[in-house]
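In the working numbering, the protein residues as written are 15 to 135. Glycine included, each C-beta is placed from N, C-alpha and C at the ideal position. This structure is a prediction, so every number in the text was calculated from the model and none was measured. Written out below as structure tokens is the structure these notes cover.
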Amino acid sequence: DHSRDEAALAVWHRGMRALASVPHVHVKLSFLGYTTPGWARDDAKTQVVRDLVRGVIALFGAERCMFASNFPVDRDPDGGCTARAMYGHYRAWVAQLPDKDQRALFRDTAAHFYRIDVETR
Numbered sequence: 015d016h017s018r019d020e021a022a023l024a025v026w027h028r029g030m031r032a033l034a035s036v037p038h039v040h041v042k043l044s045f046l047g048y049t050t051p052g053w054a055r056d057d058a059k060t061q062v063v064r065d066l067v068r069g070v071i072a073l074f075g076a077e078r079c080m081f082a083s084n085f086p087v088d089r090d091p092d093g094g095c096t097a098r099a100m101y102g103h104y105r106a107w108v109a110q111l112p113d114k115d116q117r118a119l120f121r122d123t124a125a126h127f128y129r130i131d132v133e134t135r
């Protein structure tokens, strides 16, 4: 059952808005199967998770969000949620964003946050 407790979701949204107001807070977008089991194989659940992820990106900005997989811990091989499938969803969810924001979500934010020297384009 993927129904949401609206009161709990409202508390979560308030908390995320409060965190977004703190400039040094970053968000790792991952472990989605924990919050919504089976999300990758159910269109309705996928839309719920997609909307939550997009909402977090809107709150924090791409420069403070990073996609991650948590593989092999967060996997669902029987349900079709491989790393390839997961990142396919991620890419589709942010395809409408500018290239700069997509690079931030998939590489640049993590490189900055973890102080990894990568060549940027």
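Three-way DSSP call (helix, strand, coil) for residue i in this model
i	result
R121	helix
V70	helix
F81	strand
T50	coil
Y128	coil
A109	coil
Proximity test, Cβ basis, 7 Å: residue i and chain B
i	result
D113	Protein chain content of the structure displayed is limited to a single chain, and chain B is not contained in it.
Whole-Å CB distance - residue i paired with residue j, under 8 Å assumed
i	j	result
R78	H40	5 Å
M100	V70	16 Å between Cβ atoms; not a contact.
T60	H103	7 Å
F74	A124	Incorrect: roughly 14 Å between the Cβ atoms, too far for contact.
Nearest to residue i (by Cα), restricted to the options the options
i	options	result
A76	L23, H103, F127	F127
V63	L43, E20, M80, F74	L43
R105	Q116, Q61, T96	Q116
C141	F74, L66, T50	The structure shown has nothing for residue 141, since the chain only spans 15 to 135.
Residue i: first and last residue of the uninterrupted alpha helix (DSSP H) it sits in
i	result
V25	20 to 34
T96	Per DSSP, T96 belongs to no alpha helix (DSSP H) and is neither H nor E.
Whether residue i touches residue j by CB criterion (7 Å)
i	j	result
L119	V132	no
A72	S83	no
Delimiting residues of the beta strand (DSSP E) encompassing residue i
i	result
L43	41 to 43
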